[in-house]
Each structure stands twice: as C-alpha cells, then as structure tokens.
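The block underneath contains the structure these notes are about, expressed in structure tokens.
Residue numbers (the numbering used here), protein chains in the order written: chain A, 32 to 320; chain B, 258 to 372.
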C-alpha cells in the first residue's frame with residue numbers, strides 16, 4: 032500500500048540521532064507494517080481503515096466547536112464530553128446524524144411540521160447511550176424589524192414527538208410520544224436543543240421500530256392568554272420560517288447543510304478506565320498544590 | 258561523535274522526550290478530520306540514586322534504586338516510565354460516513370518518573 036513506506040517514520044522518534052542510523056534495512060518488513068497499522072486501528076476501535084469520500088461529507092459546525100471546546104478543556108484525565116445541560120458524564124463518544132430523506136418527506140407540505148428520520152444503526156451495540164439531543168437552527172426573523180413582524184406572535188412552541196407507531200391513511204391514527212417541548216422567542220437566533228434521549232434509547236432497543244421524530248411548530252403568545260383553538264392553528268408565515276425543519280426549494284445545498292436539523296448522541300464505549308474523582312483534577316490545580 | 262552522543266544519552270536522567278504522530282504520514286487524514294497529528298511524547302533516561310522529587314517515584318522504586326546503587330547484580334535500576342497520561346480528542350468519519358467525536362484515554366505522556 033502506498034502509505035506503508037512512510038509508516039515507520041510516523042511512529043519513530045523525531046530526533047534523527049536516536050535509534051535512526053539512516054539505514055533503510057532497519058525498516059520493518061511489509062508484514063510488520065500491516066500489523067502496526069492493524070494495531071493502531073484497533074486502538075482507535077476500527078476493524079479496517081474507513082474508505083471515505085470527503086466531498087460528500089459535511090462536518091457540522093457544532094462538532095467542530097465541541098472538539099475545540101474539549102481540546103481547550105483543563106481536565107487532564109477525564110474522557111467525558113463537557114456538554115452543558117446534558118448528563119454526558121462518562122460519555123466519551125459523540126456522533127452526529129442528519130435526516131435521511133425519503134418519499135415520506137413530500138407528504139409534509141407545510142414547514143411547521145415535519146418528520147425527521149435518523150438512522151442510528153451505526154452506533155455499536157456495546158456502547159451505552161448517555162444522552163441524545165436534537166438541534167434545530169433558527170434564523171430569518173431576527174434580522175427583520177419589529178414593524179416587519181407585524182402581528183406575528185413573539186413566542187412559539189416547538190414540540191418533538193417520538194413516532195411510536197406510524198398511522199395508516201384512513202385506517203389508523205399514528206401514535207406519538209411527546210419527548211420534549213420548548214417555547215422559543217422569535218427574535219432569537221442560533222440553535223435550539225431538545226432532549227430526545229427516550230426516543231433514541233427506544234430505537235437502539237428496537238431498531239425496526241425507528242419511525243423518526245415528528246416535530247411540530249405551533250404559535251404561542253406572550254401578551255396574555257391564548258385560546259386552545261388558536262394554539263393549535265397553523266402558525267403565521269414567519270414562525271415556520273424561523274425554525275428550520277426542512278430545506279427551502281430555492282435554498283442552496285451548501286447553505287442548507289449547516290442549518291439542517293442534527294441529532295447528536297453521547298455514548299460511552301466502555302474502553303476507558305473509571306478513575307476516582309480526585310484524579311480528575313485540573314492541571315492548574317495540580318501545579319498550584 | 259555518535260558514540261559520545263550515545264554515551265551522553267545513556268547518562269541522561271529520566272525525562273519526557275518529543276514524539277509526534279502525524280496522521281497524514283500514513284494517509285489517515287482523509288478520515289481523521291482533526292487533529293492533523295498529536296504530540297504523544299515518550300519517557301527515556303536513567304533512574305539514579307538519589308531519585309529527584311519531581312520524578313514522582315514510589316517507595317519501592319527508591320528501595321530498588323538504592324539496592325542497585327549498592328550492588329547492580331542484586332537488582333536492576335528502576336524504569337523510566339510515564340507516570341501521568343492525558344487523553345486526546347479525535348474528530349473523524351466512520352465507515353457509514355457519520356461524523357464521530359471521540360475521546361481516547363492515556364494517549365499523551367504528561368509526566369515521566371521512576372517506577
């Protein structure tokens with residue numbers, strides 16, 4: 032393989048005078064190099080080197096930010112992912128998933144409700160789920176003036192359901208289980224996070240019964256009580272433009288990929304040793320002590 | 258010169274040395290998004306009596322080094338090994354083209370000592 036001749040350089044000392052006599056005969060034979068790579072891949076938990084087409088994969092900005100956050104973290108021994116608002120203690124792996132498009136998407140004509148399907152089958156069976164969150168991007172309205180908003184509601188509600196059993200047209204209504212809900216302000220931008228751990232836990236337990244998440248956006252009102260009938264009504268146009276559930280027809284693919292809904296799973300692969308809390312102190316504290 | 262350098266190295270006290278693992282050298286940068294490589298470090302050097310405080314030694318290593326300094330045939334010197342390690346994070350793509358962020362324990366040497 033083309034990479035093999037370079038493999039011994041990679042794991043050798045940087046200082047040329049230590050153990051490097053410049054003699055190519057000291058290099059390991061190809062069999063040993065294959066063995067070295069196998070061992071390294073096993074260390075990272077891979078059976079083989081993954082074959083990836085990078086042009087098709089977009090790295091979510093949130094993953095890059097989380098990586099930067101972990102790299103800047105002061106905990107020397109900890110492998111836990113620091114994520115505010117989620118119980119990610121002992122979770123050492125984060126996976127991101129995007130919606131799997133299908134013909135079912137066409138059934139949702141309006142932007143205020145949508146079914147999101149995430150294929151979580153790539154999560155190894157041995158890994159323990161610690162947390163799962165759905166993130167939705169909000170944009171559009173924040174840039175508009177309050178006059179432009181007119182009489183649209185200032186807050187709206189987003190409800191996230193686990194589709195326990197899909198409906199059959201004219202025969203059976205679908206069965207939903209509400210997993211999380213949030214009131215969002217229309218003048219705010221950024222992402223909104225929803226705890227969907229019960230749904231992902233169920234999908235991992237019953238992979239065939241993963242019918243996705245049903246997300247519904249309903250209008251709310253901050254200026255006094257709202258009749259239940261009003262609450263259920265289809266929201267005014269800017270509200271469903273605010274929270275992004277699906278791609279607009281005119282929207283460019285590269286713009287949409289950074290705004291699309293994402294599912295993040297936080298798992299524990301069990302490969303790390305549990306250490307007493309006293310060991311997981313910061314390097315700064317250790318130096319001071 | 259080489260022999261002189263080699264002899265000097267043999268007498269160096271136990272300490273941390275640089276070791277960089279570059280993922281692009283093995284062509285792994287197509288699936289490992291970040292980091293491009295990482296500082297692994299290694300420990301090398303001599304554990305001589307008396308062992309300095311910063312070498313984070315154990316009582317047993319002190320006794321072993323003491324016995325060795327008295328008569329090297331009775332016991333070898335204590336070993337220069339990593340005594341503190343830290344984890345690294347890796348952002349990569351798996352076989353299903355999913356983006357994964359994983360923390361790996363004990364990947365970087367933070368401190369070396371005599372054990």
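Beta carbons: idealized from backbone N, C-alpha and C, even for Gly.
Since the model is a prediction, treat every value here as computed from it, not as a measurement.
By the neighbour-count criterion, in which a residue is buried when 16 or more other Cβ atoms sit within 10 angstroms of its Cβ, residue 308/B is buried. Using a Cβ-Cβ cut-off of 9 Å, residue 291/B counts as an interface residue toward chain A, since at least one Cβ of chain A sits closer than that to its own.
Put simply, the segment 266-275 of chain B touches the segment 293-303 of chain B. At least three CB pairs are less than 8 Å apart. DSSP lists 295/A, 356/B as the bridge partner or partners of residue 127/A.
Proximity to residue 161/A across 80/A, 84/A, 129/A, 229/A peaks at 229/A, based on C-alpha coordinates.
Distance check between residue 167/A and each of 225/A, 158/A, 66/A, 113/A places 225/A closest, using alpha-carbon atoms only. Per DSSP, residue 196/A is one residue of the beta strand (DSSP E) stretching across 186-196. Residue environment: residue 131/A is assigned as exposed (fewer than 16 neighbouring CB atoms within 10 Å of its CB, all protein chains considered).
Counting only runs that start and end inside the segment 136-163 of chain A, the beta strand (DSSP E) elements of at least 3 residues fall at 144-147. Taking residue 118/A as the centre and dropping the five residues before and after it, the same chain places the C-beta of 161, 162 closer than 8 Å to its C-beta, in chain order. For residue 69/A, the enclosing alpha helix (DSSP H) stretches over residues 61-74. Straight across, the Cα-Cα distance linking residue 277/B with residue 365/B is about 10 Å.
The criterion of a C-beta distance shorter than 9 Å is satisfied by residue 276/A and residue 143/A.
Of the candidates 198/A, 298/A, 92/A, 223/A, 223/A places its Cα closest to the Cα of residue 273/A.
At a cut-off of 9 Å, the C-beta of residue 357/B has a neighbouring C-beta in chain A. In the same chain as residue 361/B, and ignoring 5 residues on each side of it, the C-beta atoms closer than 8 Å to its own belong to 344, 345, 346, 347, in chain order. Taking 9 Å as the cut-off, the Cβ atoms of residue 299/A and residue 93/A do not count as close. Counting every other CB atom within 10 Å of its CB across the protein chains shown gives residue 128/A a total of 16 or more, marking it as buried. Contact between residue 351/B and residue 153/A holds, since their C-beta atoms are separated by about 6 Å, short of 8 Å. Residues of chain A whose Cβ lies closer than 8 Å to the Cβ of residue 348/B are, in chain order, 90, 94, 95, 98. Of all alpha-carbon atoms in 349/B, 369/B, 334/B, 315/B, the one lying nearest the alpha-carbon of residue 82/A is that of 349/B. Scanning its chain for C-beta atoms nearer than 6 Å, with the 5 sequence neighbours on each side dropped, one finds around residue 126/A the residues 296, in chain order.
Residue 215/A sits away from residue 193/A, with the two beta carbons spaced by 9 Å or more. With contacts defined by Cβ atoms closer than 9 Å, residue 244/A and residue 147/A form a contacting pair. At least one CB of chain B lies nearer than 9 Å to the CB of residue 81/A. Your pair residue 332/B and residue 324/B checks out as a contact, with CB atoms roughly 4 Å apart and the cut at 8 Å.
Sequence-distant Cβ neighbours of residue 269/B in its own chain, meaning closer than 6 Å and more than five residues away, are 302. The C-alpha of residue 185/A is placed about 49 Å away from the C-alpha of residue 77/A. 153: these are the residues of the segment 139-163 of chain A whose beta carbon lies less than 7 Å from some beta carbon of chain B, given in chain order. Contact annotation for residue 351/B against chain A: 81, 153 [CB-CB distance below 7 Å, chain order]. Ranking 282/B, 295/B, 290/B by CA distance to the CA of residue 95/A puts 290/B first. Within chain B, the residues whose beta carbon sits less than 9 Å from that of residue 127/A are 355, 356, 357, 358, listed in sequence order.
Within chain A, the C-beta atoms nearer than 7 Å to that of residue 287/B come from 83, 85, in chain order. Neighbours of residue 102/A in chain B, taken as residues at a C-beta separation under 9 Å, are given in chain order as 291, 292, 345, 346.
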